[in-house]
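In order, the protein sequences belong to chains A and B.
Take the first sequence: its letters are residues 1 to 366, numbered as in our numbering.
Take the second sequence: its letters are residues 1001 to 1283, numbered as in our numbering.
What follows is one structure encoded as structure tokens, with my remarks underneath.
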Amino acid sequence: MSKTGDDAVPQTDDATRQTDDGDVPLAEGVDHQVAMVMDLNKCIGCQTCTIACKTNWTESGGREYMYWNNVETKPGAGYPRDWEELGGGWDEDGQSRTPGELPDQEDYGRAWDFNHEAIMYEGSDEPLRPMENADWGPNWDEDEGAGEYPNTYYFYLPRICNHCTHPSCVEACPRSAIYKREEDGIVLVDQDRCRGYRYCVEGCPYKKVFYNAQTKTSEKCIFCYPRIEGEGPEGEVRPPSCAEDCPPQLRHVGFLDDEDGPIHKLVNEYEVALRLHPEYRTEPNVYYIPPYAPPQTSESGETVDAERIPRNYLEELFGQQVNEALNTINRERDRVRQGEESELMEILSTVNNDDQYRLEVFDDDG
Amino acid sequence: MTAEDPEAGGGLGTRQLVVAAALALAVVAATAAFPAVVDARAAYEIPVEREASAGDLAEPTGDAWESVETVHVPMSSSGAAVPGGSDTTVESVQVAAARADDRLYVRLSWSDPTANASTDSLRAFADAAAIQLPVSSDSQPPIAMGSTDDRVNVWYWNAADGTESLLAGGAGSTTEIPESTVETSATHTGDRWSVVFTRSLSSDRANVTDIDPDEDVNAAFAVWEGSNEERSGQKAASEWYYLSLGPSEGATPYETVLWAVAGIAVVFTTLVTVEGIRRTRGE
Chain A
1 MSKTGDDAVP QTDDATRQTD DGDVPLAEGV DHQVAMVMDL NKCIGCQTCT
51 IACKTNWTES GGREYMYWNN VETKPGAGYP RDWEELGGGW DEDGQSRTPG
101 ELPDQEDYGR AWDFNHEAIM YEGSDEPLRP MENADWGPNW DEDEGAGEYP
151 NTYYFYLPRI CNHCTHPSCV EACPRSAIYK REEDGIVLVD QDRCRGYRYC
201 VEGCPYKKVF YNAQTKTSEK CIFCYPRIEG EGPEGEVRPP SCAEDCPPQL
251 RHVGFLDDED GPIHKLVNEY EVALRLHPEY RTEPNVYYIP PYAPPQTSES
301 GETVDAERIP RNYLEELFGQ QVNEALNTIN RERDRVRQGE ESELMEILST
351 VNNDDQYRLE VFDDDG
Chain B
1001 MTAEDPEAGG GLGTRQLVVA AALALAVVAA TAAFPAVVDA RAAYEIPVER
1051 EASAGDLAEP TGDAWESVET VHVPMSSSGA AVPGGSDTTV ESVQVAAARA
1101 DDRLYVRLSW SDPTANASTD SLRAFADAAA IQLPVSSDSQ PPIAMGSTDD
1151 RVNVWYWNAA DGTESLLAGG AGSTTEIPES TVETSATHTG DRWSVVFTRS
1201 LSSDRANVTD IDPDEDVNAA FAVWEGSNEE RSGQKAASEW YYLSLGPSEG
1251 ATPYETVLWA VAGIAVVFTT LVTVEGIRRT RGE
């Protein structure tokens, strides 16, 4: 694998597509780049990933409101509420940052107090409910989606930090307290350097950096780096717990520049794994297999030849490339239906964890 | 020169010349002394009052401050390359300084109708103020946090988190110095913050300004308005001033030189004019 300096990286939406000589461009100064592919067709919205992350990293100490991994319903306001409206990222030439806003604390929701005491110990026959006005929280609009019966639609969107190749959070920090680490491109906040300015929170267009009001520093997803370094359970190299604990096993984890790995194939060869909001131009390294819902039905329940999820909505989320990606997936599905082999379908439907998680391929590097 | 001197031409011209010369000399003498009398404080000077004892100097509202001269220091946005770097609200700070018992006391006071003393939620930023000193006490580092070769100490106070002593060698390099000996006391009354910073003049620690009790030391000031989400380089900052600790009283040397040059020019012009009148009269 080779790394490619910034001068060789075109600052466009497809900056990490394969170059002519087969090399995958990475951020300047980064040896390899961790990456994740999430298949949205497999997500059942169970939040096991969310809880796996939370119990590992954000249970207490000012982190109560944080979900480094969250699963939101799309269409929907998301977490924090309306995060797609808050700016951040890069402008069209990819050189100047777009101004971003700090979310309102309320937009993240908060931990409600419930009337457990009254019901459990005081004999109250009230229903179990929050004791204060509860009018917003993560997943408040879960499963609402959009569309008209019988053709309503929604899907789940799991989100973590994208550990971007061109991260605007890193650029936003005047102290270089947030940085992209050399060995694998994971974006981390140096807790000793951070002075709580929150420019990274403003600067991230995905709103995946969080301010901790107790420590007065900002914190974020660390791609479970102790686990991928073999410092996790039983001293084994393990994928991030959001991936490993997922019941439908919808995530692939590995390195973007592992050209024999499934991520490289899905992203760069078949081009079916897409970036969320590529127009933010931070070049995320979390990719999504777009959802293909069943077709629409008539009032009498007959199948109609019309897509359930409007294609323009998917274009809003994943860019124009979503069209070609869905075409490719349809084509390969048809091949399998006709009894032919499809490497793409094998990758997407594997139940072998060794194929899904390839984290030790560069262990022999100096 | 005598009355019989034929050159005297009746004596009038000579007497005029003598009077003129005397007047001119008086002007020279007066101009040299003039600024010390009328304008006791030089530009960019923060006089440091010597007090026999500290009394209540450590308190922002202490009576001891009543006899200490206050300097009006204008400030403007630092212009740092951060979002909103030129959007600041505080336009000036009142600075007073005193010394007692080998300690330096500096009081900053500025108008701020909103006391922002919390950083407990995402959009909450605290009011703050700072005094910047050169690490090398006889130096004047670049105003924006110094440079790698010419570093600065910053005495930093924040309404939410208290006091820090910082070291910086250029923008973005600010680092806390552990076990700071800088102390502060702050009060917000009548729409104003008043904050007293105090520290012993001398220091034997590396990277901490050792203030010579007999030498002037440069100082610059900054204020952050929390309600305007000011933090980092988004701050109102002054130019370099100097804390007047040295022995010189009154005018600075360059002012004395300027006044002396002006005085000599007055003498020269007077003499030339008198001589011109004499020649015109044919004396």
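Cβ atoms here follow ideal geometry from the backbone N, Cα and C, with glycine treated the same way.
Bridge partners of residue i, per DSSP?
i	result
B/E1045	B/Y1242
A/Y149	Bridge partners of A/Y149: none, in fact.
B/Q1132	B/V1154 and B/A1220
B/H1188	B/W1193
B/L1167	B/N1153 and B/T1175
A/K54	Partner(s): none; A/K54 has no beta bridge.
A/I44	Answer is none; A/I44 lacks a bridge partner.
A/K207	Beta-bridge pairing links A/K207 to no other residue.
B/T1070	B/A1096
A/A35	A/G254
A/G100	A/G87
B/L1104	B/R1099 and B/R1199
A/V71	A/P158
B/E1183	B/T1198
B/W1110	B/W1193
A/Y357	A/V253
B/E1139	The amino acid at residue 1139 of chain B is misidentified as Glu; the sequence shows Ser. B/S1139 pairs with nothing; no bridge assigned.
B/G1162	B/N1158
Hey, does residue i have any beta-carbon neighbour from chain B nearer than 7 Å?
i	result
A/R281	no
A/I111	Looking at the sequence itself, residue 111 of chain A is Ala, so the reference to Ile does not match. Closer than 7 Å: no.
A/A213	yes
A/D21	Note that A/D21 scores 48 on pLDDT, short of 50, meaning its location in the model is unreliable; the coordinates nonetheless yield the value given after this. Not closer than 7 Å to any Cβ of chain B, the Cβ of A/D21 fails to qualify, so no.
A/Y197	yes
A/V205	A quick correction: the sequence has Pro, not Val, at residue 205 of chain A. Cβ-Cβ to chain B under 7 Å: no for A/P205.
A/Q105	yes
A/K265	no
A/R175	yes
A/K42	no
A/K220	no
A/L373	Since the first residue shown for chain A is 1 and the last is 366, residue 373 of chain A is missing from the structure and cannot be characterised.
A/K216	yes
Is the beta carbon of residue i within less than 6 Å of some heavy atom of the ligand ZN?
i	result
B/R1199	Of ligands this structure carries none, so the ligand ZN is not represented either.
Check whether the Cβ of residue i lies closer than 7 Å to any Cβ atom in chain A.
i	result
B/P1035	For B/P1035, the predicted structure reports a pLDDT of 49, less than 50, and the residue's modelled location is therefore unreliable. The matter cannot be settled from this model.
Query raised in the report: Name the residues in the segment 1106 to 1135 of chain B whose C-beta lies less than 7 Å from a C-beta of chain A; which are they?
Result: Per Cβ criterion, the list reads T1119, D1120, S1121, L1122 and R1123.
Requested in this report: Report the residues of the segment 1228 to 1243 of chain B with a CB closer than 7 Å to any CB of chain A, ordered along the chain.
Outcome: Residues R1231, S1232 and G1233.
Report task. Output the residue ranges of the beta strand (DSSP E) runs that lie fully inside the segment 1206 to 1236 of chain B and measure 3 residues or longer, sorted by chain position. Result -> With a minimum length of 3 residues, the continuous beta strand (DSSP E) runs that stay inside the segment 1206 to 1236 of chain B are 1217 to 1224.
Report task. Give the residues from the segment 1150 to 1171 of chain B that approach chain A closer than 9 Å (Cβ to any Cβ), ordered along the chain. Result -> Cβ contacts with chain A come from A1160, D1161 and A1171.
Query raised in the report: Along the chain, which unbroken stretches of the alpha helix (DSSP H) at least 4 residues long are found entirely within the segment 218 to 277 of chain A?
Result: Whole alpha helix (DSSP H) segments, 4+ residues: 225 to 228 and 241 to 244.
Requested in this report: Output, in sequence order along the chain, the residues in the segment 1078 to 1105 of chain B whose CB is closer than 7 Å to any CB in chain A.
Outcome: Per Cβ criterion, the list reads V1082 and P1083.
Query raised in the report: Is the segment 139 to 152 of chain A touching the segment 1123 to 1142 of chain B in the sense that three or more CB pairs, one from each, lie closer than 8 Å?
Result: Too few Cβ pairs lie closer than 8 Å, so no.
**Report entry** Interfacial residues, the segment 163 to 191 of chain A to chain B, with Cβ spacing under 7 Å
**Finding:** Listed by position, the residues of the segment 163 to 191 of chain A near chain B (Cβ gap below 7 Å) are P174, R175 and S176.
Query raised in the report: Is the segment 67 to 86 of chain A touching the segment 37 to 54 of chain A, taking contact as three or more C-beta pairs under 8 Å?
Result: The segment 67 to 86 of chain A is in contact with the segment 37 to 54 of chain A.
Query raised in the report: Per the contact definition of three or more C-beta pairs closer than 8 Å, is the segment 1156 to 1163 of chain B in contact with the segment 1117 to 1126 of chain B?
Result: These segments touch.
Query - Chain-ordered residues of the segment 239 to 256 of chain A with a beta carbon less than 7 Å from chain B - result: If the cut-off is 7 Å between Cβ atoms, the segment 239 to 256 of chain A has nothing near chain B.
Query raised in the report: Are the segment 169 to 178 of chain A and the segment 188 to 201 of chain A in contact at 8 Å, needing three or more beta carbon pairs?
Result: Between the segment 169 to 178 of chain A and the segment 188 to 201 of chain A there are three or more inter-stretch CB-CB distances shorter than 8 Å, so the stretches are counted as touching.
Query raised in the report: Do the segment 1225 to 1232 of chain B and the segment 1193 to 1213 of chain B make contact, defined as three or more Cβ pairs closer than 8 Å?
Result: The count of Cβ pairs closer than 8 Å, one atom from the segment 1225 to 1232 of chain B and one from the segment 1193 to 1213 of chain B, stays below three, leaving the stretches out of contact.
Requested in this report: Decide yes or no for the touch test of the segment 1121 to 1135 of chain B against the segment 99 to 118 of chain A: beta carbon pairs closer than 8 Å, at least 3 of them.
Outcome: Yes, since at least three Cβ pairs between the segment 1121 to 1135 of chain B and the segment 99 to 118 of chain A fall closer than 8 Å, the two stretches touch.
Query raised in the report: Taking the runs of the beta strand (DSSP E) that are 3 residues or longer, which of them lie wholly in the segment 105 to 190 of chain A?
Result: Here the runs fully enclosed are 155 to 159, 178 to 180 and 187 to 189.
**Report entry** Short-range partners of chain B found in the segment 136 to 164 of chain A, where Cβ spacing is below 8 Å
**Finding:** Legend: CB atoms of the segment 136 to 164 of chain A lying less than 8 Å from CB atoms of chain B are not found in any residue.
**Report entry** Near-chain B residues of the segment 342 to 362 of chain A (beta-carbon distance less than 8 Å), N- to C-terminal order
**Finding:** Result list empty, no residue passes.
Query - Given 8 Å, three or more beta-carbon pairs between the segment 1048 to 1060 of chain B and the segment 1180 to 1189 of chain B - result: With contact defined as three or more Cβ pairs closer than 8 Å, the segment 1048 to 1060 of chain B and the segment 1180 to 1189 of chain B are in contact.
Query raised in the report: Looking at chain B, which residues of the segment 52 to 83 of chain A have a Cβ within less than 8 Å of any of its Cβ atoms?
Result: Listed by position along the chain: nothing, the set is empty.
Query raised in the report: Quick one: complete beta strand (DSSP E) runs, 3+ long, within the segment 278 to 348 of chain A?
Result: Segments of the beta strand (DSSP E) lying fully in the segment 278 to 348 of chain A: 286 to 289.
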